[in-house]
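Protein chains in written order, with my numbering: chain A, 35 to 188; chain B, 35 to 188; chain C, 35 to 188; chain D, 35 to 188; chain E, 35 to 188; chain F, 35 to 188; chain G, 35 to 188; chain H, 35 to 188; chain I, 35 to 188; chain J, 35 to 188. Positions of the beta carbon are idealized from the N, C-alpha and C atoms, including for glycine.
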Ligand SMILES: [Ca+2]
Ligand SMILES: [Ca+2]
Ligand SMILES: [Ca+2]
Ligand SMILES: [Ca+2]
Ligand SMILES: [Ca+2]
Ligand SMILES: [Ca+2]
Ligand SMILES: [Ca+2]
Ligand SMILES: [Ca+2]
Ligand SMILES: [Ca+2]
Ligand SMILES: [Ca+2]
Ligand SMILES: [Ca+2]
Ligand SMILES: [Ca+2]
Ligand SMILES: [Ca+2]
Ligand SMILES: [Ca+2]
Ligand SMILES: [Ca+2]
Ligand SMILES: [Ca+2]
């Protein structure tokens, strides 16, 4: 169990929020088990952007499920990447697909799905789902919903 | 991540409620990711119309799921379009299908489903579901129900 | 969006409860979207009849799902039709199937299901489900259960 | 809607509890809609028997789902039939299958399922499920669980 | 409805807890309906054993579902069989499979599944599922979860 | 019911926490029922590690489901193995796959799935699912969720 | 801890259901801790009587809370006392008060409350509460919580 | 923070189950904070005894709340004390008061309440509540809430 | 709104886990609103210690409510203080009171309550509640509600 | 019903996010019912700040309950006031009290309570409750119930 995390510069260091998503690196490290097909979920309930036309803030929860290829995303790097949207103007659809594309590009995963659950604006919430690649055998994302199982005990 | 939203006139401007649904434009903008198949849900829990014969107000929640083609609907425009029904006489079935048809016409989506959940009148709620097109691979609407997942933690 | 509701006589008028279900008209109007396959649900939680032998009142919730052909049922007419059972003696099974048959006859729907959930009598509740026709592609009734979705937010 | 219930002797009359299940008639009446395939559920949460060896009372909830052929069971008759078990010695499995068989014999239904949920004895509850015939197209029992749907409104 | 329960010695008699599971008879009686395929569930939330190495008590809930062949298990006998584990050393996996095997041997059922939900030891609960035979048509175990249905009424 | 647990050294003895996962033995014992296909679930809600770069503690719930071959894992040994991660630096993905691999190596199970539900860091929880082998007939893991069934009684 | 239970004749013996409540003894035994004020709750969810006028069965859950004086009620005796109502005609109010009075007479408790939660007849459930004596300091009945309360088990 | 636990003989040692409750020591250790009034809850959902007349097992959950004086009960000692009831004949009321009295005697607490929630026998669960002493200011037991409470786990 | 946080050394710096609770500083900063009585809750669901006699790990959730005087506790400092218990031997009661005492000493709050909800050991969870000072008018802690409460997130 | 809202400058105008909380006006308007004591709740689930030392974002839900005196807060003004914290460094306690103080100053309410439910940092969520004034008779804030409460919509 020795993960090679050479090249990681953000974890454990004082982290500045990147100036924009385009300037935010998505640091990855070597998948220590490239021969095993498995599924990773990252959930980000603290995501916020601003509207590109009005400058008003938007809020969302992002749920990412992926089956890694040779790389894994480092979670602090992912957090800083998400923080870089804080003062960045973007529409919900574009933003969700962009997060998907950046992860796809950085990770070259076997499969990835990004779900953006955006808070209501004008009384209308918007949810966006982007999914590419195909699930290998023996890989399935957890259900979207509560799943804290504690062993047959309520 | 640069969405081309030239031509959008309503977002960020002071918005008048259109005089009727027929007069309400549904502004769209260019889908920045036309080569990606993904799903967008808009939910409108604040929708209201009037009965064409009695003038009494009706209330509904609309849930729209679509897989975009070349265009996306701008959400403030969609809100104003919905607001235009406020003093407009319409039956539940017609209205729900009309919303579906206007979106289909404006967006030419690969797939679209519109669900109208109408509050009870005379003690009888009415729900209408309209669905056209076919789902591309790797595209599926979220379930109709609660889904605020927060990462395996209750 | 112009529904032809010529011929509707009950909506907006002062409504008398019909003397019996047989005498109660089920007014319909022209489906403004006959080329679209969609689903309509009517739910009636305030339905009451009397037992044909004992004269005791019975209570039920009715749930109707149908895919319209050329006609839609007008909901006030449907309500008055249901009200006509108030002092009408009928058994649960017969009544539920009768409601189904009257709707089928009046609407010639592509598909229809009527569910009657009857309150307990003698400690024994009775539920009746009648379903005819077949579901067109892209048409499915909502689940029997809670479904007030409000956009990915709990 | 005229059900032929000639021959019904128990409904509306003062009812004596039959001396034993074998002596308890299961009165039926003519299915007014023999050409329609539909499902009827009867639920009996107030069912009680006695143990054939110890004479101690047992309690159960029975859930019956059937698709009628030419006959329907009259519910007061069914209640009295169930009441006849009150002082009758029987094991849980036998009793549940017997109720199933008597209904099958009296009704010749296209399909029937009887579920007996028996209260704990010696700390061990027993549940018995008997199911025969096959479901016609467009017929499905309601789920075993809560289902009081009220039209998209909680 | 006359079950042949000749040979039952434990029901209605003063019952001693057997000295060990091996010495505990599993009394059965003739299935009065051998030609009907049906499902029986026994649930035992009061099950306890001791650890074979440390002598410390363990606790579990057992859920048994089976489709009987020619024999049914008598429930008091089953309770006493379970009670015989009270001071008997056994591991969770072995015990759950043993209960399954003893029932299989005594009953020769068409299908049987035994689920053991064991309380945490060292903070780690263990659940064991053993399932053999195949389900006949029209036979399905109840779901593992709450199912007290009371007729569409909460 | 005689499990051969010769070779077990940890159960019932005073247990030291192993110095590292690599040094932690996973003691197994002979599956007393190698000819029966069955499923075992171990749930560990008290799992903790440290970050390899920052030294800060991490917390997770692990859920393991496996179909044993010739060996079973001894649960105290499994607990001590998990305890050995207490001061061990590891990333979430590596750790979850490592637990899977160690169990696979020690048990040679017919099927195994390990789920790691990790608490949020930087507001982002991570869940990892690793699954290998194929399920034999008549073997299925319990659902990830609550399942304390108590016999049809709420 | 040596309870004097001399005089108990029903516990452990084969018990016949008494012919009527009046003929049903309520056996008690000596309170081993007469100097301690404490509260005892007995819950009977399997209680049934018949209507004195129609002969039809009634069902209820009884909840008894008492602070013992010199005597405790033996629970099998209490069960048989309740079983004696099985074929006994009584109204809900009368029955609940009678159970209270018999317990008061047999136990001379410092405080007693009997709650009868009766199933609906004609769609109307009836609940009866009888309470006499006064609570000593440091004694309080558990909350009634769910009225289908089953004794500390969810 | 240095607790004086001299005199503790059971914790960390191989523990034999005591032969009877009377022979089971309740080891205590010095309250390191005798000048602070605080509340301690111990919950024991795995408690079992046998009936003194029939020899049949009984099960209960015990909930103990106390405000310590100069002594605290050592929890392994308390567990072994409870385990000593495993083959010990006792009635529910006596047993619950006895546990209370032993704790009171061993601890001389400022306040103590013992709640015994006993599983149904003959369909009738029994709950016993014993409470002595008075609560100091700023001390209140946690609510009983879910009675199958498992220590901060849902 | 200018908080004086001079003297804070841990927040924003790379933090080492202190070698023991006694060596762990609890950094505080000046309460910017000393004239307002208000309540602060800190919830720590990731708390772990080791048993002083056996060396085995223990887990708890801590819930702290206090009304500040002149000082507030800095939350990273509080986290590191809690982390310092990770390899520290302590009993549940002592530990919970010690956390209370350290906070009282560092903060001199007007009121403070510390609740420790400890995971089961030997099947017995322990909960400790320590409360000192008195609540000023207009100050009341939030309800404990779900004890796995995670700070306003479900 | 004529509300005097002279002086409102933000509602209906294009709104810029104020440069800091200190520079953000809290616009109010005349309470049209100053002689009625009533309660107003504003819930803000989309609140975010940054840490004054690390620059990292924080998230909270704010719940404000007040009984108005002569003034009411205009809700768009309140939203812009909250938005002004977006890039503003502040600690949780200071920020929550500051929001309370600004509202108290602007409104001079008879009573006000501000609750800040802050997302976990370092695994530790913080909740702050500030309450001043006294509740008039017949005024009580709604229960906090679900703290992610969304305004009467489930
Ligand atoms: Ca795989
Ligand atoms: Ca909104
Ligand atoms: Ca796709
Ligand atoms: Ca209505
Ligand atoms: Ca269609
Ligand atoms: Ca049909
Ligand atoms: Ca029982
Ligand atoms: Ca069958
Ligand atoms: Ca444990
Ligand atoms: Ca198998
Ligand atoms: Ca007392
Ligand atoms: Ca009734
Ligand atoms: Ca105190
Ligand atoms: Ca105050
Ligand atoms: Ca008032
Ligand atoms: Ca966190």
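*asked:* On a Cα-Cα basis, can you pick out the residue from A/127, A/45, A/160 and A/105 that is closest to residue 145 of chain A?
replied: Taking the first residue of the first chain as position 1, residue 145 of chain A is located at position 111. Cα-wise, what sits closest to residue 145 of chain A is A/105.
*Bounding residues of the beta strand (DSSP E) (the contiguous stretch that carries residue 165 of chain D)*: Here residue 165 of chain D refers to the residue found at position 131 when the fourth chain is read from its first residue. It spans 158-167 - the beta strand (DSSP E) in which residue 165 of chain D sits, taken as one unbroken run.
*Where residue 84 of chain E and residue 88 of chain F are concerned, what is the direct C-alpha to C-alpha distance, given to the nearest angstrom?*
Locating residue 84 of chain E in the fifth chain gives position 50, counting from the first residue. Locating residue 88 of chain F in the sixth chain gives position 54, counting from the first residue. Approximately 43 Å between the Cα atoms of the pair.
*From residue 78 of chain E to residue 95 of chain E, what distance separates their C-alpha atoms?*
Here residue 78 of chain E refers to the residue found at position 44 when the fifth chain is read from its first residue. Here residue 95 of chain E refers to the residue found at position 61 when the fifth chain is read from its first residue. Each residue's Cα considered, the two are about 5 Å apart.
*Relative to the C-alpha of residue 37 of chain F, which residue among E/131, E/110, E/158 and E/40 is closest?*
For the purposes of this step, residue 37 of chain F is taken as residue 3 along the sixth chain, with counting starting at 1. If we check each option's Cα against that of residue 37 of chain F, E/131 comes out closest.
*asked:* Buried or exposed, going by whether 16 or more other CB atoms sit within 10 Å of the CB of residue 111 of chain F?
replied: On the sixth chain, position 77 is the one that residue 111 of chain F refers to. The residue is buried, with at least 16 neighbouring Cβ atoms inside 10 Å.
_In the DSSP output, what is residue 77 of chain G paired with across the bridge?_
To locate residue 77 of chain G, count along the seventh chain from 1; it is residue 43. In DSSP, residue 77 of chain G forms a bridge with G/97.
*Do you know how far the Cα of residue 155 of chain D is from the Cα of residue 42 of chain E?*
Working through the fifth chain from its first residue, we reach residue 42 of chain E at position 8. Working through the fourth chain from its first residue, we reach residue 155 of chain D at position 121. Straight-line Cα distance between these residues: approximately 17 Å.
*Using 8 Å as the limit for Cβ to Cβ distance, is residue 81 of chain H near chain D?*
Within the eighth chain, the letter at position 47 stands for residue 81 of chain H. Not an interface residue.
*asked:* So residue 97 of chain I and residue 73 of chain I are supposed to be a Cβ contact under 8 Å. How far apart are they, rounded?
replied: By one-based count along the ninth chain, residue 97 of chain I stands at place 63. By one-based count along the ninth chain, residue 73 of chain I stands at place 39. At roughly 12 Å, the Cβ-Cβ gap does not stay under 8 Å, so residue 97 of chain I and residue 73 of chain I are not in contact.
*Can you round the beta-carbon distance between residue 118 of chain D and residue 171 of chain D to whole angstroms, since I take them to be within the 8 Å contact cut?*
Translated into the one-based positions of the fourth chain, residue 118 of chain D becomes position 84. Translated into the one-based positions of the fourth chain, residue 171 of chain D becomes position 137. At roughly 36 Å, the Cβ-Cβ gap does not stay under 8 Å, so residue 118 of chain D and residue 171 of chain D are not in contact.
*Answer with buried or exposed for residue 62 of chain E, where buried requires no fewer than 16 other C-beta atoms within 10 angstroms of its C-beta.*
Against the fifth chain, residue 62 of chain E aligns to sequence position 28. With 16 or more Cβ atoms within 10 Å of its Cβ, residue 62 of chain E is classed as buried.
*Flag residue 46 of chain G as yes if its beta-carbon sits less than 8 Å from any beta-carbon of chain D, otherwise no.*
One-based indexing of the seventh chain puts residue 46 of chain G at position 12. Chain D contact via Cβ: absent.
*Are the Cβ atoms of residue 75 of chain I and residue 92 of chain J separated by less than 8 Å?*
Here residue 75 of chain I is taken as the residue at index 41 of the ninth chain, counted from 1. Here residue 92 of chain J is taken as the residue at index 58 of the tenth chain, counted from 1. Cβ atoms of residue 75 of chain I and residue 92 of chain J: not closer than 8 Å.
*Is residue 153 of chain D closer than 8 Å to residue 80 of chain G when the C-beta atoms are compared?*
Start at 1 with the first residue of the seventh chain, and residue 80 of chain G comes out as number 46. Start at 1 with the first residue of the fourth chain, and residue 153 of chain D comes out as number 119. Closer than 8 Å, so yes.
_Of the residues D/158, D/149, D/40 and D/167, the one placed nearest residue 139 of chain D, counting alpha carbons only_ = Your numbering for residue 139 of chain D matches position 105 in the fourth chain. That would be D/167, whose Cα lies nearest to the Cα of residue 139 of chain D.
_residue 58 of chain F - containing alpha helix (DSSP H), residue span_ = Along the sixth chain, one-based indexing puts residue 58 of chain F at 24. Neither: residue 58 of chain F is in no alpha helix (DSSP H) and is coded neither H nor E.
_Quick test of your reading: residue 136 of chain B and residue 164 of chain B, contact by CB under 8 Å. State the CB separation rounded to the nearest angstrom._
Within the second chain, numbered from 1, the residue matching residue 136 of chain B stands at position 102. Within the second chain, numbered from 1, the residue matching residue 164 of chain B stands at position 130. Actually they do not touch by this definition, with Cβ atoms about 12 Å apart.
*Note down, in chain order, all residues in the region 62-91 of chain A with a beta-carbon under 9 Å from any beta-carbon belonging to chain J.*
79, 80, 82, 84, 88, 89, 90 and 91
*Can a CB atom of chain H be found closer than 8 Å to the CB of residue 153 of chain D?*
Mapped onto the fourth chain, residue 153 of chain D falls at position 119. Yes, contact with chain H.
*How about residue 176 of chain D and residue 115 of chain D: do their beta carbons lie closer than 8 Å?*
Here residue 176 of chain D refers to the residue found at position 142 of the fourth chain. Here residue 115 of chain D refers to the residue found at position 81 of the fourth chain. No; because the gap between Cβ atoms is not below 8 Å, this pair is not in contact.
*asked:* Closest to residue 66 of chain J by C-alpha separation, out of J/103, J/82 and J/99, would be which residue?
replied: Here the question's residue 66 of chain J lines up with position 32 in the tenth chain. Among J/103, J/82 and J/99, the Cα nearest to that of residue 66 of chain J belongs to J/103.
*Residue closest to residue 82 of chain D, alpha-carbon to alpha-carbon, out of D/39, D/121, D/169 and D/128*: Residue numbering aside, residue 82 of chain D sits at position 48 when the fourth chain is read from its first letter. That would be D/121, whose Cα lies nearest to the Cα of residue 82 of chain D.
_Residues within the region 114-130 of chain D neighbouring chain G, beta-carbon criterion of under 8 Å_ = 117, 120 and 121
*List the residues of chain I whose Cβ lies closer than 9 Å to the Cβ of residue 157 of chain E, in chain order.*
The residue given as residue 157 of chain E occupies position 123 in the fifth chain. Ordered by position in chain I, the residues that pass the 9 Å Cβ test against residue 157 of chain E are 91, 93, 153, 154 and 155.
*Answer yes or no: does any C-beta atom of chain B fall closer than 8 Å to that of residue 110 of chain C?*
Start at 1 with the first residue of the third chain, and residue 110 of chain C comes out as number 76. So yes, residue 110 of chain C belongs to the interface.
*May I have the straight-line CA-CA distance separating residue 48 of chain I from residue 174 of chain H, to the nearest angstrom?*
Position 14 of the ninth chain holds residue 48 of chain I. Position 140 of the eighth chain holds residue 174 of chain H. Looking at the two C-alpha atoms, the distance is approximately 40 Å.
*Taking Cβ positions, are residue 178 of chain C and residue 149 of chain C nearer each other than 8 Å?*
Taking the first residue of the third chain as position 1, residue 178 of chain C is located at position 144. Taking the first residue of the third chain as position 1, residue 149 of chain C is located at position 115. Contact: yes.
_Cβ of residue 146 of chain B within 8 Å of any chain C Cβ_ = Counted from its first residue, the second chain places residue 146 of chain B at position 112. Not an interface residue.
*Does DSSP classify residue 125 of chain D as helix, strand or coil?*
Your numbering for residue 125 of chain D matches position 91 in the fourth chain. Residue 125 of chain D falls in the coil class under three-state DSSP.
*asked:* Taking DSSP's pairing of strands, which residues face residue 155 of chain D in a bridge?
replied: Taking the fourth chain and counting its residues from 1, one reaches residue 155 of chain D at position 121. In the DSSP output, where bridge partners are listed per residue, residue 155 of chain D has D/158.
*Report all residues from its chain with a CB closer than 8 Å to the CB of residue 86 of chain G; omit the five preceding and five following residues, and keep chain order.*
Translated into positions along the seventh chain, residue 86 of chain G becomes position 52. Excluding sequence neighbours, residue 86 of chain G sits near 123, 124 and 125.
_Does residue 111 of chain J come out as helix, strand or coil in the three-state DSSP assignment?_
As a working mapping, residue 111 of chain J is identified with position 77 in the tenth chain. Three-state DSSP puts residue 111 of chain J in a helix.
*Nearest-angstrom Cα separation, counted from residue 64 of chain F out to residue 141 of chain E*: By one-based count along the fifth chain, residue 141 of chain E stands at place 107. By one-based count along the sixth chain, residue 64 of chain F stands at place 30. Their backbone Cα atoms lie some 27 Å apart in a straight line.
_Which residues in chain B have a C-beta closer than 9 Å to the C-beta of residue 135 of chain C? List them in chain order._
Position 101 of the third chain holds residue 135 of chain C. Chain B residues near residue 135 of chain C: none, gap ~19 Å exceeds 9 Å.
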